[in-house]
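Adding 11 to a residue's 1-based position in the sequence shown gives its number in my numbering.
Backbone N, C-alpha and C define an ideal beta-carbon position, used for all residues, glycine too.
Please read all numbers here as calculations on a predicted model, not as lab measurements.
Presented below is the structure to which this report refers.
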Amino acid sequence: MRVARFAERLARAHGVDTLRARIAGMLHDLARLYAAERLLDECAARGLPVDAFERAHPIVLHARVGAELARERFGVDDESVLSAIRKHTLADAVMSPLDAVVYLADGIEPARAFDGRAALEALAFRDLDAAMRAALASSIAYLRTRGLAISPHTLAAAEHYGIPDPLEERHPA
Ligand SMILES: [Fe+2]
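As structure tokens, then:
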């Protein structure tokens, strides 16, 4: 509900459809409590392809499976809403304003606690693209410093938003 409310406010600020934002916000985590095995099974049952990154980190599949559940159980047939649900965890090479609103709402809703949350929220209300760049850069930096794998979808999003060499080692000046 926090993500839904935040997404609705953010959508309003950017002239994005608020109802779509709210619905995507409410339904984005439908599959979040499924275990890894269940997520893989749900994909297999629907003939959905699973890539190597998803196979190694099935938890990210909750976004794609969530979109399927939104369609099947809640009758959501609006592709823009399903897309926003599908991309809320990893982002992707193509991000509509609605996709960005839901991705950002999920990452910076008020209960999230991290340094710079308030600044990122302010940026998100001012400039959606700049907030996406900041959110993706920080997420990639987080994964890199912990030596964790980065999804090809997230890397494609980084490229889309013009983040330079996300896989390059950064040396402090
Ligand atoms: Fe999620």
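- With 16 or more other Cβ atoms from the protein chains shown falling within 10 Å of its own Cβ, Y45 counts as buried.
- DSSP, reduced to helix, strand and coil, places D140 within a helical segment of the structure shown.
- Here the C-alpha atom of H68 lies approximately 9 Å from the C-alpha atom of A160.
- Shortest Cα-Cα distance from E19 to any of A111, R75, G58 involves A111.
- The Cβ atoms of A42 and G77 lie closer than 8 Å to each other.
- Exposure of F85 is indicated by the presence of fewer than 16 other C-beta atoms within 10 angstroms of its C-beta.
- Proximity to L115 across D62, G173, G158, A142 peaks at A142, based on C-alpha coordinates.
- At least one heavy atom of ligand 1 lies closer than 7 Å to the C-beta of T100.
- Note on the region 28-66: there is no whole beta strand (DSSP E) run with a minimum of 3 residues.
- Contact annotation: T165 and I174 have beta-carbon atoms that are not nearer than 8 Å.
- In terms of Cβ geometry, H39 and I96 form a close pair [threshold 8 Å].
- If you ignore the 5 residues before and after S162, its C-beta comes within less than 6 Å of the C-beta of F64, L101, all in its own chain and listed in chain order.
- Cα atoms of E48 and L72: separation of roughly 11 Å, rounded to the nearest angstrom.
- When distances are taken from the beta-carbon of D110 to the heavy atoms of ligand 1, even the shortest one reaches 7 Å or more.
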